Amino acid sequence: MQLFEYAIVNGVLFGLFYGFIGIGLNLLFGVMRLVNLAHGDLVVFGGYLGYSLAVDAHINSLWAIPLSIPAALVFGFLVYHATVPRLRRAVDTETASLIVFFGISQVLEALMTMIYGANQVTLPSPGGPVSLFGQDYPASVVISAALSVPALALLYLYLYRTRIGLATRAVMADEDEAVASGVRVRRVAVWAFMIGVAFATTAGTLTAFMLGGINPTTGSGLTITAFTVIIIGSLGNPLGTVVGGLLVGLASSLSLTQAYATEWTAVVPYVLLLVVVLVRPSGLFGATVRRA
Amino acid sequence: MTTLLEVRHATTGYGTIQVLWDVNVTIPEGVTVGLLGANGSGKSTLLRAVMGLLPLWSGEVLFDGETINHWDPSRRVRSSIAYMSEKGVIAALSVEDNLRVGGTGLAAREVKAAIARTWDDFPILRERRRSPAGSLSGGQRKTLALAKALIRQPRLLVMDEPSAGLSPILVHEMVETLRRVRDQYFVTLLLAEQNSTVLDVAQQIVVLAGGRKGFDGPLDEFRSRTDVAAQFFGLSAPPDVPSNERPAND
Amino acid sequence: MPEDDATPADAPPPPTPHDAAGADRTGRAAPSGRIWGLRAREGRWVRRVVPVVATPVLLFFAPHVYNNLAFLTTMVVYVVLAEGVNLLYGFTGYLPFGYVGFFGAGAYGASLAVVDWHVTGLVALVIGGLTAAIIGLVVSPLLRLSGAYFALATLAASQVLYYVVANEPWTYGESGMSLPEVFGATETYVIALVIMALALAVTVAVRDSRFGLSLRAIRSDPVSAAMAGIDVVRARTAAWFISAALAGLAGAIWAIMTAAFYAENPFDLTISVYAIVFALFGGVRTVLGPVIGTVVLYSLYQYIGISNPQYFELVYGLLIVGLALFLPGGLGSLVTGSAARWRRRRTRPVTGALDGAAPGGGTP
Amino acid sequence: MAHRPYRITTGLAALVLALGGLATLSAGSADAASAHAKAGTITVGTLYASTGAYATSSMPEYAGLQFWAKQVDSHGGMYVAPLRRKEKVKIVAYNDQSDPATATSLYDQLISQNHVNVLVADFGSVLTAPAITIAKDQKQLLFDVTGSGTSFFTSGSNPYVVLTSLPVSAVWPKPVAKLLIQLKTKRVAILYCQNDFDQAQATAIQGFLKAAGITPVYFQGVPTTQSDYSTLVQSIKATNPDAVLELGYPNNDIAFLNELKATGTHFKFVLTPFLGQLPSLFTQDVGAPAVNYTYTYAVPPTLVINHVNIGLGLTAFVRQFAPGKPSTVNFLDVAGYNAGLAVQAAFAHATSMSQLGIRAGITAVNGKLQTLEGTFKVDNTGEQLGELLPVAQAVPHGKGFALKIVYPATPAQVKMVNAKAKYPAPTK
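Residue numbers (the working numbering), protein chains in the order written: chain F, 1 to 292; chain B, 293 to 542; chain H, 543 to 906; chain Y, 907 to 1334.
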């Protein structure tokens, strides 16, 4: 029973982190239907930023969070203007974006390999084990999960307590009607894009902690996890993304405690995704059904 | 009577398919204009062109005597041209959020006041203020769409099929509401309709057939002209069905 | 070369005017008359037969130009995959991100048939194609989805399949597959060419048949297509099976060529991505587009790998971004002047989604 | 319809142009290659991965091979028996980006376009697999450095593949099993990654232990991509094991050790395979204190073999390979160099310049060659039999750690301090 409890807590900790990774993608995909295949690479890029600070500048890697945000906003702004207007004019934006962002993902991976090398890098744990409910958890994991909560709360505030957040939700729910109501979609999209990128890099500074280490190819797996999380939790719904993250985290963690399920751990998110899209394609919290 | 909106030689379409052929419409301030036509006659296309949702191939749209061809839709909405689409509401957002979306760009205080005014004008919406718009009945949805379009107190309200999907009783109520709104908000209405009941609210009728303007004149004259009916029932309409007139279950 | 205006002369007009491509079909009347001294009817057969025959024949002589059979066979395998993507995406609007699942199923189906049942190479190929088709049947409920959801769900399905193959002892998942020699290298190449010819023939058949016409109608507007009496589900499923079987055949010949591999190789997601990129680069909804896309991009891939390895990913990534942004109609659009059409379409405002003029966007 | 045939022509013309471009490209690269393949040089074709999953291991291996070529050329080349003279060595290398499909066509490129004399495989089973097929098909001699996949060496006699560095993975853990039996451990936990390399070790060790009457209390596979070990460590802890074997790739080993460190979990015996191959990577990513008392396979440079009859001894190699930074030399550097030595020995005793003639050179020296990896001996499938994989344990040494061989006792040619296993491991 002790093991079961451990797995539950561990699953929650990882689930919060997965939610954090998913949330930026949710903004991009939810607002503009951009299939950002480079999302995971942006996350890893954030991780390398933290690594650089810790190893080269000898300061706590968590400083990467405030430092990366302005950089990510600028980067997001530039990438938005370089790609999105053209993508939105494409005959099929979803597909075109998928290809463009695949290319961007390749470029990012190449840059990371050129700058940091192909080896896995790790960050020293920020402290000794942390005791939760009578059992010990790595400090890195607990800190990362704890930081995910305010980040998710901030996005919630953005979407539900600001005017542009309302416009963002309107565009996510029904772009045509939002335009007809006078919403400036381009402005909403630029901000969603920039914030999405900033969330990716911010979550990234935690990846080296959570995943034990990062290398330039870590990103593609994270992209898939992020898509799984947001689809399970419904597009455009940040609360859903958190729940999606928790589901993936818990299911993966629990499968590791079962004698014959450990080798199937990697399949868990995919099976969850398939079950959700087939049984409830709108996700667990969605209203609109995306069926042909 | 000053001219509020003028459409000059409007020609446009989708892709390479032309839908409108050199359409001229003049809407004087304070006059409710009913745009009539069968499916595919180009009504919605004309409204989209007015709102800037579809660029003109050639021609001009003037508002208050000024050309607004280069204005994007949000600028037109923010400059006193409200648009009530056939759908009219954002189903996933609550009633109140829909109204607030309608007030995008206004100062927070103004939005608050406008919403308070809406609660007085449409008490039914106040009762459902927290419900998602998608959960409203068809009539309530149209009411919300109308209220949302009125949030900014526009000078011109462009409406695409305000009666679509409503039962005859509700259509009648809608006509009453429109009359009330027109007088209360001093708004000029441009409605595209297939349902002739709604004509009761109009003072001027424009008939589109096959993307060209047919009849254009006062309501009484329209009523007395039997030859217009032929145009109205779309005998010369092309087989093309513009996408906005696809079945609602798409 | 988008031959999307390849609707037979007797075809009814497209169901809705908001399919811009369809607009071109009706907007431009095909001139009648003679070309090369052929009547229209014969000309039609020329354009059906020539690509199917000439492409494999041209590639048959490629080893005399560049004698690297492993490269050429892999390239031809990619041509088959790109045509499979073309059938599915180009004609129905479904982007199969997990297309590699069929490829892997074909590779393992054929390999297990050779290793466990000791069947001959040709039988193994057929078994490979069938395995993929059966997998296609199992996952066909995914066809209820659309857009990115479909793309990602197929990806998930291919990953589940990969883990099953990689974990199970009866698929030799962990120890890796090791095949005895089934065909010689040249033989393998020729068989790959035959499979490619089949893929091209299928694409031509789909393009020119009423079946293909229904697929395009569904792509541009499923609801109107259904109202026009097209059995949407059946047409989609048929395209799905054909596409799956082609990928299975490609996987089978790849397995026979590679002979020693692990589950992660034929289930590598980059295979899907490359097939999609190649097809779109060349231009979908055409017959030769995916061929040209694959030949150009895969050769470039090989060339960069040989000449400038350090910046390989960077160059390839930038190339893909540039092409997708500035040549969205694919290479074919350059050849046929579709670029001009594209420029005209560009004049639509950013809010284009609202005017309904974006075919296939979001809800194919 | 009449414009249609015209468009087909354009399409086919484009295809012809594309093929023409391909021909031009290939002509370009063939020119470059023929420059390499000029008379008076022996060309060794190889692949490396500068990016992707295998870059970490592939690049050092390639560096070792390059070092060998430089060494040989600084001595005026290597002796080629059929020509009765020394020849310079040229390495023709392409970047496969860790992608097996690319590797396939590049191996073919090396044979069909560059006409290299022999092939040296890239690191690991996944990237070696396509080379095995091509070597068999095209009857081209392949020096397989570390591709010890079980399926490569089972199909009867194969003269075209020579495994130069490691025994196949199934025989690796024999000393480990014997050590566990010697230490009288009863409760053994085995956690392995699902790949050929680790699965084969896990199964083999399970077999050895069962023969001694020990049934592992925990025997689980996880995906090779696994990075979260927290729940797994708790599961293992729950079985109260005497010994824990974590069989993974470097990233798995590091993540596992970091998890033990972060949660303060202590086991009496922990073994990870890659600590011995990449000690400096483990120092950097896990830190010496957490690595201490961990067991691993001892490979050069931990295993110091200076008694050699070809090339440099280990000590000299380390000194010359990385002057001033001996701690950065890892096993894969040695393995790359060792593959070069095998090539050198093959040419020195080749009976002809044909592929089988070169292979005959290997047969001539089989079992007699002493390299810095030990005795070089292959069977008729090409499988390596000669080299050693004793068990070592990390023990505190200054600020870092040192690896001491704990089982079996030092073989004659190994100059190495033995130590008694510190079991159970002291708490850190």
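All C-beta atoms, glycine included, are put in the ideal place defined by N, C-alpha and C.
Keep in mind that this is a model prediction, so the values were computed, not measured.
Which value, in whole angstroms, describes the spacing of the CA atoms of residue i and residue j?
| i | j | result |
| --- | --- | --- |
| T1131/Y | F227/F | 18 Å |
| W63/F | Y51/F | 10 Å |
| R161/F | L272/F | 32 Å |
| Y845/H | V950/Y | 20 Å |
| V44/F | S68/F | 12 Å |
| L250/F | G970/Y | 45 Å |
| L293/F | L687/H | With chain F represented from 1 up to 292, any question about residue 293/F goes unanswered, as that position is not in the structure. |
| G1055/Y | G835/H | 36 Å |
| V594/H | V732/H | 15 Å |
| L49/F | L1247/Y | 42 Å |
| F514/B | E485/B | 15 Å |
| V744/H | A652/H | 22 Å |
| A1251/Y | G626/H | 50 Å |
| G865/Y | P966/Y | Outside the modelled stretch of chain Y, which goes from 907 to 1334, sits residue 865/Y, for which no answer is possible. |
| P1232/Y | G958/Y | 26 Å |
| I214/F | N610/H | 37 Å |
| P1147/Y | R1093/Y | 5 Å |
Output needed for residue i: all residues of its chain with C-beta closer than 7 Å, excluding positions within five of it in sequence on either side, in chain order.
| i | result |
| --- | --- |
| G715/H | V707, A708, N709 and A805 |
| A1118/Y | I1087 |
| Y1135/Y | A1161, F1162 and E1165 |
| V1024/Y | V950, L1047, F1049, V1249 and I1264 |
| T318/B | T295 and E298 |
| M112/F | V44, F45, Y48 and P216 |
| A72/F | V197, A198 and T201 |
With a threshold of 7 Å, establish whether the CB of residue i neighbours any heavy atom of the ligand SAH.
| i | result |
| --- | --- |
| E1279/Y | Absent from the structure shown: the ligand SAH. Ligands present: none. |
Mind checking whether residue i and residue j have CB atoms under 8 Å apart?
| i | j | result |
| --- | --- | --- |
| G718/H | S1057/Y | yes |
| V998/Y | T947/Y | no |
| A786/H | I677/H | yes |
| M1259/Y | P1065/Y | no |
| L438/B | M376/B | yes |
| P1079/Y | A1110/Y | yes |
| T1178/Y | T1202/Y | yes |
| R802/H | S720/H | Arg is not the amino acid found at residue 802/H; the sequence shown has Ala there. Yes. Within cutoff. |
| V342/B | V353/B | yes |
Give me the DSSP bridge partner(s) of residue i.
| i | result |
| --- | --- |
| H1303/Y | G1306/Y |
| P1296/Y | According to DSSP, which records beta bridges pairwise, P1296/Y is partnered with nothing at all. |
| P320/B | T295/B |
| G1280/Y | T1277/Y |
| K992/Y | Y985/Y |
| L483/B | G326/B and M451/B |
| N1001/Y | Y954/Y |
| V1068/Y | F1049/Y |
Might you give, ordered along the chain, the residues of its own chain that have their beta carbon closer than 6 Å to the beta carbon of residue i, omitting 5 neighbours on each side?
| i | result |
| --- | --- |
| G134/F | none |
| S756/H | I772 and A777 |
I'd like the list of long-range same chain contacts for residue i, defined as Cβ closer than 8 Å, with 5 residues on each side in sequence excluded.
| i | result |
| --- | --- |
| T93/F | M32, R33, L34 and L87 |
Could you tell me which whole alpha helix (DSSP H) segments of length 4 or greater appear in the segment 746 to 814 of chain H? 752 to 762, 764 to 769 and 774 to 800
Residue ranges of each alpha helix (DSSP H) within the segment 78 to 157 of chain F, 4 or longer: 93 to 116
Enumerate, from N- to C-terminal direction, the unbroken beta strand (DSSP E) stretches of 3 or more residues contained entirely within the segment 1092 to 1179 of chain Y. 1094 to 1099, 1124 to 1128 and 1149 to 1153
Quick check on the DSSP output: what are the complete alpha helix (DSSP H) runs of length 4 or more inside the segment 300 to 377 of chain B, in order along the chain? 335 to 343 and 365 to 370
What are the start and end residues of each continuous alpha helix (DSSP H) run of 4 or more residues lying completely inside the segment 6 to 39 of chain F, in chain order? none
Residues of the segment 141 to 165 of chain F with Cβ closer than 8 Å to any Cβ of chain D, in chain order: Considering every chain present, this structure includes no chain D. Its protein chains are F, B, H and Y.
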